[in-house]
Amino acid sequence: MLRTPTLTFVDRFWQIAALAIAALVLLPVAAIIYISFTPSADIWGQLLSTVLPRSLQTTLMLMFGVGAITTVAGVGTAWLVTMCNFPGRRIMDWALLIPLAVPTYIVAFAYIEVLDYTGPVQSFIRSLFGFTTSRDYWFPEIRSLGGAVFVMGIVLYPYVYLTTRASFLIQSSSVLDVSRTLGASPYGLFFRIALPLARPAIAIGVSLALMECLNDIGAVTFFGVRTLTFSVYDVWLNRSSLGGAAQLALAMLAMVLLLLWLERLGRRKQRFDGSSGSKHRAPTRFDLQGPQAVLALVLCLIPILLGFVLPGLMLADRASRRLDGLLSPDFLSTVWNSFSLAAAASLITVVISIALAYALRLNSRGPLKAAVRLASIGYAIPGTVLAIGILIPLANFDNFLDAQMQSWFGVKTGLLLLGSGTALVYAYVVRFLAVSYGQVEGGFGKISPHFDMASRTLGRNTGQTLTQIHLPILKPVLLSAALLSFVDCMKELPATILLRPFNFETLATTVFEAASREAFEEAALPSLAIVLVGLIPVIYLARSSASSFRTKQSKRQSVSAT
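In structure tokens, the structure reads:
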């Protein structure tokens, strides 16, 4: 029997590193809690009677509407491409993920440009019917809560589609076939069998979509919707009350924790294992023909057209009018700022993810497992909340360092961390560490422990085992983790707006500021750049998820054949 070896100093190093990383992730949350309860920040009574009720009501209404749209669109399209055969199904299978490449704030300003009073749609209606003012006809107001619900719903539904599609694919076909034998119709099969089995996956997808909805600041600003996120931004910058912003941020954090609790509650006692080892096979699809096939194709095309094609065409048209600015110093500087920050943050997140996953591989017991879990909660923290939590400790450190350097050497360091972009990289790492860690942890899980045992037998320590054995095997996984983190950092807006150094612009902030000034053509080129970069991981995700399922199916079939 193999006995677990005694942990060496090198082994202890990995555990200490994991605990330190968890502490750094939790530092912003601790800072928000601290400043929220300091006497100087005690304006909670005023916020409770003025800002909070309206912001909370608007946020809940927005989340309810977005949750409804993402559930209907995500679950419906996932069922069609998984359980039905119709022309174009294979293309729809991956194309339905494409709206994930476009940030909500870019789609928001695209629809405002198209559907606003001065946009091409209403201008065409006025010219066609001879209307002269907006009072002569009725047209839905895009700058409204309804507009925000519509835009966020058509952009965020892929979260639900992705998780639900995976659930439908792994559901045992024998369960569905028995239901058919007992006379279940396609509708009965969906509502009474497949949908209840997919409830945990749907809950996960909806919770992810709602957390993105809660994090958004660009779209709600363009639509004039005063959510909690907007109120934090407004109280901090426009009312110059960092304490009040911290108290609102704490309320947002409570909402996130409530959302996570509800998601887990929805999955409690709802864990179904439809697989049966080697007997598992792909579900038998319904063959749709004639009008039914056309209807299925149209239903799958609608969210793609609304969430990607129409905004993409508008961006391409507006960007084509500003191609002279493609090589301008300002645009190139903005591109460099975005790429350099995203590259630095993605590299750090991958390194940290390796440290966390490897520390847990060496010892998954005790407080280490809890620390690793805590280090992965950053994705659930809205960007505005994270920005406030980072600003407070880093500003104090900058001020302390500046005072000490002046006292000792007579040198002013100024805002060394906040002014250099370090705070932004810190925010990106904390926010998107979970994305990278999930990839790396999954990669480590596929490496047999026998590799570690053999390496130790040959005299290698844990550090040498990592560098000589694990990292070469994990190269594709590390590339995927870095790519996903890089694109998320490129698109991030709330924390970037609040933590960027003075006169420092990224592609995301350029889009936000130009759209805020109604300069849509000026915002089109950086928007298109973000979309094109965002397409890379979406295509990779679509291809990898499909190939992963095909690989599992072929393995099960080969096992069944033997």
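Residue numbers for the sequence shown follow our numbering, so the first one is 179 and each next one is one higher. Where a beta carbon is used, it is the ideal one built from N, C-alpha and C, also for glycine.
When the distance is taken between beta carbons, is A273 closer than 9 Å to I482? Yes, these two residues count as a Cβ contact at 9 Å.
In this structure, how does DSSP classify N393 when only helix, strand and coil are distinguished? In this structure, N393 counts as helix in the three-state DSSP scheme.
contact_flag[the stretch 658 to 673, the stretch 522 to 529] where n(CB pairs < 8 Å) is 3 or more: At 8 Å Cβ cutoff, the stretches touch.
Which first and last residues belong to the alpha helix (DSSP H) in which Y604 is found? Looking at the DSSP string, the run of the alpha helix (DSSP H) that includes Y604 is 600 to 623.
Threshold first: 4 residues or longer. Then list the alpha helix (DSSP H) segments lying entirely within the stretch 456 to 518, N to C. Here the runs fully enclosed are 469 to 482, 488 to 498.
Measure the C-alpha to C-alpha separation of G588 and D580 and round it to an integer number of angstroms. Pairing G588 with D580, the inter-Cα distance amounts to about 10 Å.
Whose C-beta lies closer than 6 Å to the C-beta of T688 among residues of the same chain, with five residues either side of it excluded? Cβ within range, chain order: T512, P704.
Contact set for M430: own chain, Cβ-Cβ below 8 Å, skip 5 residues either direction: Shown here for M430: same chain residues with a beta carbon closer than 8 Å to its own, the five before and five after excluded, namely L392, L406, T407, V410, P560, T562, V563 in chain order.
Can you say whether F578 is buried or exposed, counting buried as having 16 or more other CB atoms within 10 angstroms of its CB? The residue is exposed, with fewer than 16 neighbouring Cβ atoms inside 10 Å.
So Y283 and F690 are supposed to be a Cβ contact under 8 Å. How far apart are they, rounded? Rounded, the Cβ-Cβ distance is 6 Å, consistent with contact.
Please list the terminal residues of the continuous alpha helix (DSSP H) segment that includes D294. For D294, there is no enclosing alpha helix (DSSP H), since its DSSP letter is neither H nor E.
Can you say whether M631 is buried or exposed, counting buried as having 16 or more other CB atoms within 10 angstroms of its CB? By the neighbour-count rule (16 or more Cβ atoms within 10 Å), M631 is not buried but exposed.
Which partner residues of N263 appear in the DSSP bridge assignment? The partner list for N263 (beta bridge, DSSP) reads D465.
Under the three-state reduction of DSSP, which class applies to L658: helix, strand or coil? The question names Leu, yet the displayed sequence has Ser at residue 658. Of the three classes helix, strand and coil, the one that applies to S658 here is helix, per DSSP.
Whole-angstrom Cβ separation of A692 and E683, contact assumed at under 8 Å? In this structure A692 does not touch E683 by the C-beta definition: roughly 10 Å separates them, more than the 8 Å allowed.
Cβ-based burial, F486 [other Cβ within 10 Å; buried from 16]: Note on F486: 16 or more other CB atoms within 10 angstroms of its CB, so buried under the neighbour-count rule.
Under 9 Å between the Cβ atoms of I566 and L205? Cβ distance not < 9 Å, so I566 and L205 don't count as in contact.
Apart from the five residues on each side of it in sequence, which residues of its chain come closer than 7 Å, Cβ to Cβ, to Q584? Cβ contact annotation for Q584 (same chain, cutoff 7 Å, sequence separation greater than five): K590, in chain order.
What is the residue span of the alpha helix (DSSP H) that Q646 lies within? Segment: none, Q646 is in no alpha helix (DSSP H) and carries neither H nor E.
In whole angstroms, what separates the C-alpha of G254 from that of S694? Going by the C-alpha atoms only, they are around 35 Å apart.
Does the distance from the C-beta atom of L466 to that of F264 stay below 9 Å? It is a contact, given that the beta carbons lie within the stated cut-off.
Give me the Cβ distance between V603 and L519, rounded to the nearest whole Å; I'm assuming they're in contact under 8 Å. 6 Å between Cβ atoms; contact.
Do the CB positions of A673 and Y606 come within less than 9 Å of each other? Contact: yes.
Assuming A553 contacts V203 (C-beta within less than 8 Å), just tell me the rounded distance between them. Cβ-Cβ separation between A553 and V203: approximately 5 Å, consistent with a contact (criterion under 8 Å).
K547 by DSSP, collapsed to three states: which one? In this structure, K547 counts as helix in the three-state DSSP scheme.
Closer than 7 Å by C-beta to R539: which residues in its own chain qualify, once you throw out the five before and the five after it? Chain order, please. If the five residues before and after R539 are omitted, its C-beta is found closer than 7 Å to the C-beta atoms of F622, all from its own chain and listed in chain order.
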